[in-house]
Each structure stands twice: as C-alpha cells, then as structure tokens.
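In the numbering used here, the protein residues as written are 9 to 194.
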C-alpha cells in the first residue's frame with residue numbers, strides 16, 4: 009500500500025499549479041498597485057500644473073485711462089508719472105506690495121522699482137477697500153518718481169509692470185518735445 013502512495017504524483021502537480029497561479033495573482037496585484045499609484049501621482053501633478061496655469065493666466069493687470077506726467081520746467085525733464093491700473097476681465101486679485109515695476113531707457117539698464125524701496129507708491133484706491141490687493145472693479149493710482157531718471161524732451165522710456173503671478177504689462181512712452189507742468193503721454 010505504501011508503494012501506491014509513492015508512485016502517485018498527480019496531487020503534487022495540482023498543488024504546484026495552484027502555487028504558480030497564486031504567485032501570478034500576487035505579482036499582478038502588486039504591479040497594478042504600483043501602476044495605480046503612478047497614475048494618481050501623475051494626475052495630481054497635472055492638476056497642479058493646470059491650476060498654476062489658470063492662476064497665471066487670470067492674474068494680470070492693464071492700464072485704464074491716460075498716463076499723466078508731471079514735468080520740471082526748470083530742468084526740462086519729467087519728475088513724476090501717474091498711471092491707473094485695474095485687473096483684466098476675470099482676473100485674480102494682485103498684491104501691489106509684491107508687484108515690480110521695471111524702468112529702463114536708452115541710458116539706464118532695467119531697474120526694479122518696488123513699493124518698499126520707494127520706487128512707486130499708490131496714491132489712491134478708487135472703488136477700493138483700502139488694502140493692498142487690487143480686486144475686481146478697483147483702480148489703483150500709481151505714482152512713479154522720475155526725477156532721478158533724467159528723461160528729457162523726446163526721450164523714450166519703458167515701464168514693465170510685473171505682478172507676482174501672471175503676465176507682465178509693458179508700457180513704452182516718449183516724453184513730449186516741450187516739458188510742461190502737466191502732460192498726457194501717448
């Protein structure tokens with residue numbers, strides 16, 4: 009009777025097949041877990057990129073109204089430039105304290121002006137609530153000191169407004185042929 013059990017190998021083949029099948033299922037489960045994790049990670053990163061892109065695209069400023077210059081009639085140069093900023097349609101609020109204005113002309117390399125270093129100031133907050141955020145329907149009156157820039161008659165200059173997020177806005181103007189006390193720059 010013992011010989012009968014020793015010669016019968018059929019049970020071992022079934023057991024081996026079950027072990028191999030279980031191993032395939034375990035490997036497939038681990039592989040699918042890894043693939044799902046990588047997919048979720050990629051989806052999360054893609055979502056962050058889209059949100060950042062939407063924030064940058066919707067957070068921009070534009071000019072509203074004329075650019076007014078004050079001139080020093082004795083020195084024959086511009087002393088101050090005043091412009092009005094508002095958000096673009098559907099734009100996100102912009103913190104004016106973190107906004108840069110970059111000044112440049114033919115004789116001056118790009119120079120960063122901030123509210124902190126006294127390069128510009130906000131003299132009025134039209135339709136606003138008094139904070140430093142430029143919100144929808146608000147207009148900030150920005151004054152840029154030009155006395156140290158030496159912009160004389162017919163000289164070109166450029167102002168680039170760079171909000172903390174979003175597209176920058178470039179303004180190129182030329183001083184008029186005759187410097188008066190108040191002028192509109194076109």
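Glycine included, C-beta positions come from ideal geometry on N, C-alpha and C.
State the DSSP-derived secondary structure class of residue i, mapped to helix, strand or coil.
i           : result
residue 114 : coil
Go ahead and label residue i buried or exposed: buried means 16 or more other beta carbons lie within 10 angstroms of its beta carbon, across all protein chains shown.
i           : result
residue 154 : buried
residue 117 : exposed
residue 100 : buried
residue 91  : buried
residue 29  : exposed
residue 107 : buried
residue 22  : exposed
residue 79  : buried
Bridge partners of residue i, per DSSP?
i           : result
residue 120 : 110
residue 129 : 151
Using only the alpha-carbon positions, how far apart do residue i and residue j sit?
i           : j           : result
residue 132 : residue 149 : 5 angstroms
residue 31  : residue 48  : 26 angstroms
residue 87  : residue 59  : 42 angstroms
residue 72  : residue 57  : 31 angstroms
residue 36  : residue 62  : 39 angstroms
residue 159 : residue 169 : 19 angstroms
residue 144 : residue 68  : 11 angstroms
residue 76  : residue 120 : 21 angstroms
residue 146 : residue 81  : 33 angstroms
residue 55  : residue 172 : 21 angstroms
3-residue-minimum beta strand (DSSP E) runs that sit fully inside the region 60-111, ordered along the chain | 69-71, 75-80 and 85-95
Taking only runs that begin and end inside the region 139-194, name each unbroken alpha helix (DSSP H) of 4 or more residues, in chain order.
-> none
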